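Peer 1: Protein chains in written order, with the working numbering: chain A, 6 to 130; chain B, 729 to 1226; chain C, 20 to 160.
The beta carbon of each residue, even a glycine, is placed where N, CA and C say it ideally should be.
All values reported here derive from a predicted model rather than from experimental measurement.
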Amino acid sequence: MRILLDKLIINYPYFAAVILFIIGALTVLTRSNLFKKLIGINIMESAIFLMFIAAGNIRGGAVPILDEANPRAPYINPVPSALMLTGIVVSISVTAFALALIIRLYQSYGTTDARRIAEMKREVT
Amino acid sequence: MTATIKANLPVFVVIAPLFVAFVLPTFARRIRLVESLVIAVGVLGLLGTGYLASLILIEKGIPIIYSMGGWSAPWGIELRVDSLGAFFLLVVAGVSLPVALFGVDNLTHEVGGSAQTTRFYVLYLLLSGALAGMAVTSDLFNVFVLVEVATLSCCGLVSARNHPRAAEAAFNYLILATLGSALILGGIGFLYIITGHLNMGLASQELGRVWRDYPHVVWMAASFLLVGFGVKAALFPLHVWLPDAHSTAPSPASAILSGLGVKGYMICFTKVLYNVFGTTLMREFAMHRILVLLGMIAIIAGSILALAQDELKRRLAFSTVAQVGYVFLGLGFANASGLTGTLFHMASHAVIKSGLFLAVGAIITTTGKHRISEMAGIGKKMPITMAVFTIGSLGLAGIPLFSGFIGKWYLLSGSLEAGGSLAAVVIIAGSVLCAAYLFPMIRIAYFEPAPVEDWQDPGVPQRIALVLLAAGVVILGVLPGPFLELAKGAALELLGSM
Amino acid sequence: MRDFVLKRVAALLLPFIQMYGLYVIFHGHVSPGGSFAGGIVVGLAFIAFATIYGLERGRAKVPEKATTLVESYGTLWYGLMGMIGIFKGAPFLANKLAGIDLGELGALSSGGLISLIGLGVGIRVASTMVALFFTMMEDES
């Protein structure tokens, strides 16, 4: 029990990431409001970003810019942060595109609720 | 000059479509110019990939490695044209050119207006570039980026028609696909955390050393990647987005989405599975059993769902779900014949399904009818279109002398080698079901009295595109020579890198 | 009259925000930040202008044609910078291998082609943000 607790405390960013991921996934799958689905997607992606960045972190590590005075100081791994910048760009484009689609759906159906849209479609056919 | 171009071909085949895509919006008013640019990129791509493939064939499969910016792995990003890459590049170039040709003159009418058509071509070229990138990349993070580029362009293509149903299908696809990419990114993250490498070869070496220390992390990575790519490639229980998306898109878009879009994710999954995990780890974690099981379920369920559809495009979309099953089945066999069969089936399905979707698109634009039961006598009115549809159906059902047969034959021998007689039965049952859901259309089209309306085959560019794809089906079936050679080489490469 | 303060403050601040964005773009290789972050800041300055002064005046500052052109040619600029390597006989996107003088470590000029590529990416990101904003706002009305 003690070891488990220690592990949990040391690896807390990963647990936070898992919890965030589950919150996001549940929001996507259970909410019928399109905006809430989109927010769920964003929470889920943030969880993955958090996991990556936590993996690159070293406690007490320096910024990964060369320090002339102390060139051998431990520095955090910049690769995951750089990768996650790309991930953030991707998630921004997904969000923007999804918002545009929501606007179009709202214009044609007058609602942003996935269940209402499905009902209206069934009434038409 | 030619030497420079040849040396840089691996990067040109990827960036040429991407950069042309970004320049296209500035020519939006001159639709002729846009169309000819897209066709030119397609022709150049076909020439370039043909040259790369011939190099690989002559050199007996020695991969061409290209380091971006001169930084070799592990520091830089590496492009790697091996047999698998050359094979898939050839498929992408060979299918995307006829599909682009089909759009000439026709697309404006289907998506409305020249601005929309230009937007369509931008997304189309982005998708082609991303697929070409997937073929040659050997970097895990690049896999994620390319998958995202492809997904976003696919969603854009689905929503290209200004119709509320298209927007809804695109939104559902976008949400599920983003769920999938989050899972893929998570899986790649787990691999990076335990190996410290993003290059596939180096990650694989490191994984072989450390997997015993982190069995749970390897499990998590594998399951995240399987579910993530499963959503994207429409593996059976995760296929829910596909029928709506593929049936509401404009016909050239459905053709490229069903024919190539889904295949790109499968190529990435194949690379991650065999080039990173390797066969040893797959057996250790029983991944191959899971893949075989999922593949069998997908074949049967997809075929039965296809039988239940009356709308022609939806039937074809569900047929894609069934054919995806074959690919996952072959990946699970993990032997040379199974993998050769899988890769060849991927190529032949790409050609056949784009041909079928284009033929159906031509029928729908001419007649305005969507249901199979309403298509009586079309064969007499539109002989070329219906002939292409017939050749495609025969190919998909796996009749000898058509391309589907060879892939299924290798899959069958792979299943017997792997000792799965149930899988062999499922493969044959899938073919029978495939005939059951495609042949009624042929019967109705040829043997029922035609209505009096004046329907005709589509215009010249459309006819050329259709005939090119049908010719592809027959050539792959009668003279598979170099393609089969490449597929075999790719299978051996994938198995060799354990 | 109600948003007099807002308008005055924006008029004072926005030029500096844009300068800051350009600073972040050009110092991407020697300090934290880079072309994407800087481009977002530049784009946000335009978006803030349009939200405070009204859509029409914002549109007058950045017409649709301009965003399309910048988006297309910003990317093409990136491609051309990458091609320099190929013309010099080195791989795509080569920097030092293409014979570019990298200068002194830590200096602003030490990035070679990176600052130039960053400029292309930065203005492209900025124009994309602006284009996205206007597309959505104009769709609604």
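I'd like to check one pair, F55 of chain C with V140 of chain C: are the Cβ atoms closer than 8 Å?
Peer 2: yes
Peer 1: In or out: A1036 of chain B buried (at least 16 other Cβ within 10 Å) or exposed?
Peer 2: exposed
Peer 1: Suppose you measure from the CA of S909 of chain B to the CA of A1104 of chain B; what does that come to, to the nearest Å?
Peer 2: 43 Å
Peer 1: Under a three-way DSSP split, which group does A67 of chain A fall into?
Peer 2: A67 of chain A: strand per DSSP, three-state reduction.
Peer 1: Quick one, which residues of the region 40–57 of chain A are near chain C if we go by CB-CB under 9 Å, in chain order?
Peer 2: none
Peer 1: For T117 of chain A, name the three-state secondary structure that DSSP assigns.
Peer 2: coil
Peer 1: Counting only the same chain and skipping the five closest in sequence on each side, list residues whose C-beta sits under 7 Å from that of L138 of chain C.
Peer 2: I44
Peer 1: Return no unless some Cβ of chain A is closer than 8 Å to the Cβ of S1101 of chain B.
Peer 2: no
Peer 1: Only counting the same chain, and skipping five residues up and downstream in sequence, which positions put a Cβ closer than 6 Å to that of I122 of chain A?
Peer 2: Y114
Peer 1: Could you check whether the region 991–998 of chain B touches the region 1113–1120 of chain B, counting it as contact only if at least three pairs of C-beta atoms, one from each stretch, sit closer than 8 Å?
Peer 2: no
Peer 1: If you reduce the DSSP assignment to three classes, tell me which class L807 of chain B lands in.
Peer 2: strand
Peer 1: Establish whether the CB of S54 of chain C and some CB of chain B are separated by less than 8 Å.
Peer 2: no
Peer 1: Tell me the rounded alpha-carbon separation between M56 of chain A and G917 of chain B.
Peer 2: 8 Å
Peer 1: Cβ closer than 7 Å: which chain C residues qualify as neighbours of S887 of chain B?
Peer 2: Within chain C, no residue comes near S887 of chain B; the closest Cβ sits about 13 Å away, beyond 7 Å.
Peer 1: If the cut is a Cβ gap below 7 Å, which residues of chain C does V94 of chain A touch?
Peer 2: F55
Peer 1: How far does the alpha helix (DSSP H) with S1149 of chain B in it extend, from its first residue to its last?
Peer 2: S1149 to F1175
Peer 1: Per the contact definition of three or more C-beta pairs closer than 8 Å, is the region 1004–1013 of chain B in contact with the region 976–987 of chain B?
Peer 2: no
Peer 1: Can you confirm whether N736 of chain B, when its beta carbon is compared against all beta carbons of chain C, has any partner nearer than 8 Å?
Peer 2: yes
Peer 1: Under 8 Å between beta-carbons, which chain B residues line up against F152 of chain C? List them in chain order, please.
Peer 2: Under the 8 Å cutoff, chain B gives no residues; its nearest Cβ is about 18 Å from F152 of chain C.
Peer 1: In whole angstroms, what is the alpha-carbon distance linking F848 of chain B and A888 of chain B?
Peer 2: 7 Å
Peer 1: How far does the alpha helix (DSSP H) with I59 of chain C in it reach, from first residue to last?
Peer 2: Secondary structure note for I59 of chain C: its alpha helix (DSSP H) is the uninterrupted segment S54 to Y72.
Peer 1: With a threshold of 8 Å between beta-carbons, can A103 of chain A be considered close to chain B, or not?
Peer 2: yes
Peer 1: Going by other Cβ atoms of all chains shown within 10 Å of its Cβ, with 16 needed for buried, is E876 of chain B buried or exposed?
Peer 2: buried
Peer 1: Nearest-angstrom Cα distance between L1129 of chain B and V1206 of chain B?
Peer 2: 5 Å
Peer 1: Do you know whose CA, among A:I27, A:I15 and A:K42, lies nearest F899 of chain B's CA?
Peer 2: A:K42
Peer 1: Can you say whether E1181 of chain B is buried or exposed, counting buried as having 16 or more other CB atoms within 10 angstroms of its CB?
Peer 2: exposed
Peer 1: For G29 of chain A and A897 of chain B, what's the separation of their Cα atoms in angstroms?
Peer 2: 21 Å
Peer 1: Could you please give the first and the last residue of the uninterrupted beta strand (DSSP E) stretch that includes Y794 of chain B?
Peer 2: I792 to S795
Peer 1: Could you tell me how far apart the beta carbons of I1032 of chain B and Y1054 of chain B are, in whole angstroms, since I believe they sit closer than 8 Å?
Peer 2: 15 Å between Cβ atoms; not a contact.
Peer 1: From the DSSP output, in three-state form, read off R1099 of chain B for me.
Peer 2: Looking at R1099 of chain B - three-state DSSP - the assignment turns out to be strand.
Peer 1: If you run the structure through DSSP and keep just helix, strand and coil, what is E1039 of chain B?
Peer 2: strand
Peer 1: Below 7 Å CB to CB, which residues in the same chain sit around A1200 of chain B once its five sequence neighbours on both sides are set aside?
Peer 2: A small fix is needed here, since residue 1200 of chain B is Gly in this sequence, not Ala. Cβ neighbours of G1200 of chain B within its own chain (closer than 7 Å, five residues either side excluded): G822 and V1079.
Peer 1: Report yes or no: do the region 99–114 of chain A and the region 151–158 of chain C share at least 3 C-beta pairs separated by less than 8 Å?
Peer 2: yes
Peer 1: Flag M38 of chain C as yes if its beta-carbon sits less than 8 Å from any beta-carbon of chain A, otherwise no.
Peer 2: Not one chain A Cβ lies under 8 Å of M38 of chain C.
Peer 1: Does any C-beta atom of chain C lie closer than 8 Å to the C-beta of Y1002 of chain B?
Peer 2: no
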